[in-house]
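In the numbering used here, the protein residues as written are 14 to 271.
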């Protein structure tokens with residue numbers, strides 16, 4: 014019967030995708046060097062913390078917010094960034110200023126994207142990978158691809174089950190048992206996704222297990238000072254901002270809207 018062939022396809026796809034996800038996850042764990050090697054500085058900078066928590070985009074967000082709070086940059090809720098002080102205090106800030114351009118004004122969204130992709134942020138990422146705190150790009154990409162494959166397989170199993178149940182020429186009342194057979198590969202894929210989610214939550218996809226332990230060890234920021242606000246942005250993103258105008262500027266910039 015044709016539905017048996019479809020069931021075999023569903024089982025094969027489920028097995029291959031789940032095994033791949035397990036192997037990729039196991040490989041990432043094996044590459045964890047254990048306790049992180051001592052970083053170059055006694056403690057990580059806010060930029061490095063931001064990268065471990067949220068990747069390059071978080072570093073760009075932190076730089077923009079920091080420059081705004083120190084009156085080096087004006088972030089308007091309309092989605093525009095305007096340079097106030099053209100002298101950046103570090104390479105990331107100088108990158109932001111260069112990205113904005115000689116006119117001194119640019120939309121926040123492209124500024125954020127270009128700053129996140131700049132050499133200063135890539136160098137920061139390389140240092141964290143070398144220290145065993147960040148996940149290499151290849152490992153992170155492989156894990157994301159494996160998760161997408163399992164999700165796609167779950168959808169495929171549902172489609173094949175529906176096609177088998179609705180296939181013409183079957184006996185009355187046979188659709189239920191046919192669909193039930195497809196429940197097994199569906200449970201396998203959904204269970205694999207659930208386990209992967211539990212294993213990775215609340216871990217950052219950018220931090221290695223050692224880097225995640227560093228993030229987990231950070232004390233909760235005490236609100237009231239700029240440093241504490243920046244620490245909150247580094248760990249939790251622009252959602253930690255309390256100023257409604259600044260929050261609107263950054264959230265609008267993150268979506269590419271003004």
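Ideal Cβ positions, reconstructed from N, Cα and C, are used throughout, including at glycine.
Predicted, not measured: the structure shown is a model, and the values here were computed from it.
Here residue 228 is not near residue 211, since their CB atoms are 8 Å or more apart. For residue 249, the secondary structure class from DSSP, reduced to helix, strand or coil, is helix. Beta-bridge pairing by DSSP links residue 220 to 147. Excluding sequence positions up to five before and after residue 261, its CB lies within less than 7 Å of the CB of 90, all in the same chain and listed in chain order.
For the options 76, 22, 28, 119, the alpha carbon positioned closest to that of residue 102 is the one of 76.
Take the alpha-carbon of residue 258 and the one of residue 197: they are about 51 Å apart.
When rounded, the separation of the alpha-carbon atoms in residue 66 and residue 144 is 16 Å.
Straight across, the Cα-Cα distance linking residue 195 with residue 173 is about 8 Å.
The C-beta distance from residue 108 to residue 133 rounds to 5 Å, short enough to fall under 8 Å. With distances taken between CA atoms, residue 131 lies nearest to 105 out of 153, 105, 114. In this model, residue 240 and residue 32 are separated by some 45 Å (Cα to Cα).
Of 204, 176, 137, the smallest CA-CA separation from residue 167 is found for 204. Per the coordinates, the alpha-carbon of residue 99 lies some 22 Å from the alpha-carbon of residue 70.
Per DSSP, residue 57 lies in no alpha helix (DSSP H) and is assigned neither H nor E. Per DSSP, residue 125 is one residue of the alpha helix (DSSP H) stretching across 121-129.
Distances from the alpha-carbon of residue 119 to those of 178, 129, 92, 136 put 92 closest.
Put simply, the backbone Cα of residue 136 is about 26 Å away from that of residue 88.
Between residue 111 and residue 124, the alpha-carbon positions lie close to 9 Å from each other. The beta-carbon separation of residue 24 and residue 191, rounded to 14 Å, does not stay under the 8 Å limit for a contact. Judged by their CB atoms, residue 209 and residue 36 are not nearer to each other than the 8 Å cut-off.
As DSSP reads the structure, residue 96 sits in a beta bridge with 86.
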